[in-house]
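Q: In this text, residue positions in the sequence shown follow the working numbering: the first is 18, and each later residue adds one.
Idealized CB from N, CA, C, for every residue including glycine.
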Amino acid sequence: MFTSLIVLSYLHNRMETDRSNLCGCKGIRTCLKCEQQFDIPCKNKSIHEKAYSIYFYCIYCKMCYPGLSSEINAHPFHTGEPIAVSGIYVGEDFLSEADEADLLKALDALPWDCSQSGRRKQNFGPKCNFKKRKLKCGDFKGFPVSTKFVQDKFKEVPLLEGYRTVEQCSLEYNPDRGASIDPHIDDCWIWGERIVTVNLLSDSVLTLTPYHGNKYNIDLAPIKFVKSLPDVAIRIPMPARSLIILTQEARYGWEHQVYRDDIKERRVCVAYREFTLPYLPGGEYANEGTVILEKAENFF
Numbered sequence: 018m019f020t021s022l023i024v025l026s027y028l029h030n031r032m033e034t035d036r037s038n039l040c041g042c043k044g045i046r047t048c049l050k051c052e053q054q055f056d057i058p059c060k061n062k063s064i065h066e067k068a069y070s071i072y073f074y075c076i077y078c079k080m081c082y083p084g085l086s087s088e089i090n091a092h093p094f095h096t097g098e099p100i101a102v103s104g105i106y107v108g109e110d111f112l113s114e115a116d117e118a119d120l121l122k123a124l125d126a127l128p129w130d131c132s133q134s135g136r137r138k139q140n141f142g143p144k145c146n147f148k149k150r151k152l153k154c155g156d157f158k159g160f161p162v163s164t165k166f167v168q169d170k171f172k173e174v175p176l177l178e179g180y181r182t183v184e185q186c187s188l189e190y191n192p193d194r195g196a197s198i199d200p201h202i203d204d205c206w207i208w209g210e211r212i213v214t215v216n217l218l219s220d221s222v223l224t225l226t227p228y229h230g231n232k233y234n235i236d237l238a239p240i241k242f243v244k245s246l247p248d249v250a251i252r253i254p255m256p257a258r259s260l261i262i263l264t265q266e267a268r269y270g271w272e273h274q275v276y277r278d279d280i281k282e283r284r285v286c287v288a289y290r291e292f293t294l295p296y297l298p299g300g301e302y303a304n305e306g307t308v309i310l311e312k313a314e315n316f317f
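Laid out in structure tokens, this is it:
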């Protein structure tokens, strides 16, 4: 026990080391750079490091089957008892190859900022204090006009009827930096039910694991889920140029993450968020939301 406490204290001190001049990681977040320099172990490398029963989501059957991927348990000849998880949408070829090339060119013409866990980011949206539940417009003035065609294409997707984007965030995952993203639920105080991502450049996997806690302002979630499943992980394929939407149970009942081992090549995704009902017209905080919704109509 004493030895374990020493090891934990050592790791904590390593993680609290100022890494601002090295990478964008803070606290428990790590990338290859800071892990190598400060001897910090990676905790989000592979799904095999945890004792999950692993299932994959078949985008054709819309069910989850035992196995790591559809390549092992191929459609339509699946084996094993499936699991149903509501609220998973994977739209293949949402963008054409030409659209993808245009979007990547537009994004790479914009500045990239360092982010945590080996990622780089570009963020366009309001300033949110998730702990205090405070919203500010900040310097938000809208979205790059070179990316407008993606939001225009949302009108072609029935599940996104009435979707009003208030945040657009580009994230770059590079295997050379050990990029990943830790398990989380997108905040339930400010971001609405439909969590939208456009995946670019390379195929990857989004992993869901059941959530039973009370973080992420989960008390404000409009839908509550009581878990009776065993400790399972659901692997959702994210093909290049696809559109991924999480709603319902997948949105509120499960944390989602991207493991380092699932980043084989440079991957860029563009994440979109809408407001919760209280910040939309007619809601309790509509006055605050209207200012930002008006800004979100602008493309510069």
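For the beta strand (DSSP E) holding residue 105, just list the boundary residues, first then last.
A: The residue labelled residue 105 in the question sits at position 88 within the sequence shown. Residues 105-108.
Q: Specify the secondary structure class of residue 199 as computed by DSSP and reduced to three states.
A: Translated into positions along the sequence shown, residue 199 becomes position 182. Here residue 199 sits in strand by DSSP.
Q: Quick test of the definition: if touching needs 3 or more C-beta pairs under 8 Å, does the region 203-217 touch the region 292-299?
A: yes
Q: Please classify residue 313: is it buried, with 16 or more other beta-carbons within 10 angstroms of its beta-carbon, or exposed?
A: Residue numbering aside, residue 313 sits at position 296 when the sequence shown is read from its first letter. It counts as buried.
Q: Should the region 125-143 be regarded as contacting the region 186-198, the criterion being three or more beta carbon pairs within less than 8 Å?
A: yes
Q: By the 10 Å Cβ neighbour count, where 16 or more other Cβ atoms means buried, how is residue 150 classified, buried or exposed?
A: On the sequence shown, position 133 is the one that residue 150 refers to. Looking at its Cβ environment, which holds fewer than 16 other Cβ atoms inside 10 Å, residue 150 is exposed.
Q: Please report the distance separating the alpha-carbon of residue 197 from that of residue 60.
A: As a working mapping, residue 197 is identified with position 180 in the sequence shown. As a working mapping, residue 60 is identified with position 43 in the sequence shown. The straight-line gap from Cα to Cα measures roughly 10 Å.
Q: Can you check whether the CB of residue 81 is closer than 8 Å to the CB of residue 107?
A: Counting from 1 along the sequence shown, the entry for residue 107 is found at position 90. Counting from 1 along the sequence shown, the entry for residue 81 is found at position 64. No; because the gap between Cβ atoms is not below 8 Å, this pair is not in contact.
Q: Hey, which unbroken runs of the alpha helix (DSSP H) at 4 residues or more fall wholly within the region 157-216?
A: 165-170
Q: Apply the 10 Å Cβ neighbour rule to residue 216 and answer buried if 16 or more other Cβ atoms are within range, or exposed otherwise.
A: Reading the sequence shown from its first residue, position 199 is the one you call residue 216. By the neighbour-count rule (16 or more Cβ atoms within 10 Å), residue 216 is buried.
Q: Within a Cβ cutoff of 6 Å, which residues of the same chain sit near residue 305, ignoring the five residues on either side of it in sequence?
A: Locating residue 305 in the sequence shown gives position 288, where the first residue counts as 1. Contacts found: 152.
Q: Label residue 317 either buried or exposed according to how many other C-beta atoms from any shown protein chain fall within 10 Å of its C-beta, with 16 as the threshold for buried.
A: Here the question's residue 317 lines up with position 300 in the sequence shown. Exposed, since its Cβ has fewer than 16 Cβ neighbours within 10 Å.
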